[in-house]
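Okay, so the sequence shown: first residue is 1 according to the numbering used here, each after it adds one.
Following: one structure in structure tokens, then a few remarks.
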Amino acid sequence: MSIEEEYIEEVKRDLENLEKNLNQMDAWKKEIEVLEEKINAYKNGGFGLGIQSNVTITIDDIVDKDETRLNTVKSNIEHTIYKLKEYKACLECLSDNEYGVINKRYLVAEYKNKSYDGIAKDMKFSKTHISRLHDSAIKKIAEYKHRSVGIANMIRIGKDLGYE
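Structural data, given as structure tokens:
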């Protein structure tokens, strides 16, 4: 696999993960609300555990576990927002139609018809044309995203060859 193909595959994986995370965003926000309420209730003595067991679990243990989960979910949201901004910047290099395909396919969580057929019907193009637009857009994003990597590699190779 060439470096270019690796970059293209990386962009596809990133966009698929971003799509999945954007679809999780509302659930994560609700989970944060529940965890914060639960943690506050425990800290304020609002929950009676009423559990009989030979194992000693303290309120602090429960709060620590919930706070860890809360931090994880908040981190997931922050990372997703960061990746969304990163890809939104990359989309500036696309034509309007390429942008539309990528946006509908990966970045709009509310858009339910993410298949090539659905996007083709929505944009009034053929499925084949949508596929070509998608592939062209992915390639442009990969080139845009990794252009600085290529420049850095050229500089490093030049230095290795004795050109400064």
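Each residue gets a CB set at the ideal place from its N, CA and C atoms; glycine is no exception.
Please read all numbers here as calculations on a predicted model, not as lab measurements.
6 Å Cβ shell around residue i - same chain, five flanking residues per side excluded
i: Lys194; result: Since the first residue shown for the chain is 1 and the last is 164, residue 194 is missing from the structure and cannot be characterised.
i: Glu31; result: Val73
i: Arg105; result: Lys114
Per-residue burial, residue i [other beta carbons within 10 Å of its own, 16 or more giving buried]
i: Ile81; result: exposed
i: Arg147; result: exposed
i: Glu33; result: exposed
For residue i, the nearest candidate out of the options (CA to CA)
i: Ile77; options: Leu22, Asn44, Lys140; result: Leu22
i: Asn97; options: Tyr106, Ala137, Ile3, Leu70; result: Ala137
i: Lys124; options: Glu92, Gln24, Gly100; result: Gly100
i: Met25; options: Leu84, Asp122, Tyr7; result: Leu84
i: Thr72; options: Asn17, Leu35, Ser126, Lys121; result: Leu35
i: Trp28; options: Arg69, Tyr87, Lys127; result: Arg69
i: Lys88; options: His79, Ser75, Asn103; result: Asn103
Pair within 9 Å by beta-carbon distance, residue i and residue j
i: Asp66; j: Ile39; result: yes
i: His134; j: Tyr111; result: no
i: Leu107; j: Leu15; result: yes
i: Ala142; j: Tyr7; result: yes
Contacting residues, own chain, Cβ-Cβ under 7 Å from residue i (five flanking each side not counted)
i: Ser131; result: Tyr116
i: Asp64; result: none
Cβ neighbours of residue i in the same chain (closer than 8 Å, five flanking residues each side left out)
i: Ala152; result: Low confidence applies here, because Ala152 scores a pLDDT of 46, under 50, leaving its location unreliable and the question unanswered by this model.
C-beta neighbour in chain C for residue i, strict 9 Å
i: Leu107; result: In the structure shown, chain C does not exist; there is a single protein chain.
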